[in-house]
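In terms of numbering that gives the first Met the number 0, the sequence shown is numbered consecutively and its last residue is 286.
The beta-carbon is built from N, C-alpha and C at its ideal position, and this holds for glycine as well.
Quick caveat, the model's predicted, so the values are computed rather than measured.
A quick write-up on the structure given underneath.
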Amino acid sequence: MKKKIAVFGAFGQLGVELCAELERRGYQVCAFERAKLDVTSAEQVERAIAEIDPFAVFNAAAYNMVDVAEREPLAALEANGLAVRNLALACRQSDARLVHFSTDYVFDGTLGRSYVETDAVHPLGAYAVSKLVGELYAQAYSERAIIARTSGVFGVGALKTARGNFPETMLRLAKSGKPLRVVEDHVASPTYAPALASRSIDLLEKNLSGVFHIGGGEAISWFDYAKLIFEKAGLDVEVQPTNEREYRTAARRPKFSALDNARMRECGIQPMPPLADTVAAYLADRG
Ligand SMILES: NC(=O)c1ccc[n+]([C@@H]2O[C@H](COP(=O)([O-])OP(=O)(O)OC[C@H]3O[C@@H](n4cnc5c(N)ncnc54)[C@H](OP(=O)(O)O)[C@@H]3O)[C@@H](O)[C@H]2O)c1
């Protein structure tokens with residue numbers, strides 16, 4: 000009999016890739032998108048997990064509006080923090096493994112090098128605090144939880160959401176024909192959703208637990224990343240550098256939050272593919 004796995008947030012960038020990869024690997028996937036199940040409802044979460052009795056639960060649901068969260072911190076906390084408590088408690092009751100996703104924004108970006116799993120956290124805003132709360136709840140109730148921190152996720156699931164992702168924003172803005180201004184003083188590790196999905200399943204299949212970084216494997220500024228996207232798309236777009244002083248946002252963001260996938264390496268998980276290859280794969284996927 001196929002092992003059952005529940006996926007929450009199944010229609011997001013990561014969720015669609017998790018469902019596809021889990022099915023490819025022979026699991027029976029029970030997928031829940033937001034319209035079917037709201038993870039902030041303890042009752043809905045508990046009922047769904049008790050009924051399915053899954054071997055594992057992947058939580059790809061998240062409130063990701065980093066700037067809006069500064070106006071509505073409670074909404075961010077409910078979806079990214081308290082909802083993880085609901086999931087972790089339900090997993091404990093059903094003896095299911097929990098695989099939860101977090102963010103590079105738990106760090107303040109002042110270290111000057113890519114972050115490893117053991118570096119001290121210091122979130123800078125409401126979204127980041129809410130994600131850290133989620134990590135703590137996952138660990139509080141589920142000793143064997145996997146917490147995968149990632150960064151700048153991009154996947155074709157974004158084509159169906161209002162929020163989109165960075166490559167889609169760049170490609171849309173490029174249509175204006177005007178030069179684009181992109182911050183060059185913020186560095187992250189953009190992560191291709193299919194590679195993130197497959198590595199997180201590898202962690203579960205290797206029976207690992209604890210905090211892991213699954214970043215795209217390359218530290219790059221948003222400015223250089225934008226140029227890479229246009230190069231791979233074969234578009235001649237003028238990209239000009241700007242910085243956080245000129246481009247103000249409601250939420251403070253870490254300046255250098257690239258992730259070093261140190262534990263993944265130590266545990267023998269396949270390294271992430273080169274960023275240039277994943278950008279090319281993304282552009283091919285989106286058609
Ligand atoms: N995207 C990034 O750049 C980024 C960076 C670092 C870390 N991460 C983390 O990586 C994980 C995957 O992110 P992603 O990029 O796949 O996000 P995404 O594309 O925004 O997908 C998140 C999904 O969660 C759903 N959702 C939101 N609130 C929900 C609720 N209360 N109940 C059920 N579903 C809910 C959303 O539905 P609606 O569309 O209907 O709201 C959406 O389908 C998340 O943990 C995220 O925090 C993402």
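Determine the contact status of residue i and residue j, defining contact as a CB-CB distance below 7 Å.
i: residue 211; j: residue 203; result: no
i: residue 68; j: residue 75; result: yes
i: residue 312; j: residue 263; result: Nothing about residue 312 can be reported from this structure: the residues present for the chain run from 0 to 286 only.
i: residue 236; j: residue 173; result: yes
i: residue 97; j: residue 141; result: yes
i: residue 273; j: residue 108; result: no
i: residue 190; j: residue 155; result: no
i: residue 113; j: residue 30; result: no
i: residue 115; j: residue 261; result: yes
i: residue 231; j: residue 182; result: no
i: residue 85; j: residue 41; result: yes
i: residue 251; j: residue 170; result: no
Please return the same chain residues whose Cβ sits closer than 7 Å to the Cβ of residue i, not counting the five positions on each side in sequence.
i: residue 157; result: 12, 163, 164, 167
i: residue 39; result: 77, 78, 81, 82
i: residue 48; result: 5, 56, 89, 90, 93, 95
i: residue 71; result: none
i: residue 28; result: 4, 6, 18, 21, 22
Any chance the CB of residue i is under 6 Å from a heavy atom of ligand 1?
i: residue 102; result: yes
i: residue 52; result: no
i: residue 38; result: yes
i: residue 12; result: yes
i: residue 85; result: no
i: residue 67; result: no
i: residue 8; result: yes
i: residue 277; result: no
i: residue 168; result: no
i: residue 151; result: yes
i: residue 61; result: yes
i: residue 160; result: yes
i: residue 78; result: yes
i: residue 198; result: no
i: residue 33; result: yes
Quick one: residues in its chain with C-beta nearer than 8 Å to the C-beta of residue i, no 5 flanking neighbours on either side, listed in chain order?
i: residue 79; result: 61, 62, 126, 129, 130, 132, 133
i: residue 36; result: 7, 43, 44, 47
i: residue 111; result: 255
i: residue 227; result: 219, 274, 275, 278
For residue i, tell me which candidate among the options has the shortest Cα-Cα distance.
i: residue 33; options: 14, 266, 20; result: 14
i: residue 180; options: 187, 223, 193; result: 223
i: residue 280; options: 234, 192, 17, 26; result: 192
i: residue 100; options: 114, 71, 154, 144; result: 144
i: residue 196; options: 225, 176, 261, 268; result: 268
i: residue 138; options: 87, 159, 177; result: 87
i: residue 194; options: 176, 207, 276; result: 276
i: residue 214; options: 259, 52, 25, 54; result: 259
i: residue 25; options: 148, 58, 51, 0; result: 0
i: residue 229; options: 176, 206, 244; result: 176
Excluding sequence positions up to five away, which residues of its chain have a Cβ less than 6 Å from the Cβ of residue i?
i: residue 248; result: 66
i: residue 146; result: 99, 101, 134, 137, 210
i: residue 220; result: 183, 186
i: residue 53; result: 3, 4, 5, 95
Quickly, what does DSSP pair residue i with across the bridge? List them, please.
i: residue 209; result: 145
i: residue 99; result: 58, 146
i: residue 179; result: 238
i: residue 27; result: 3
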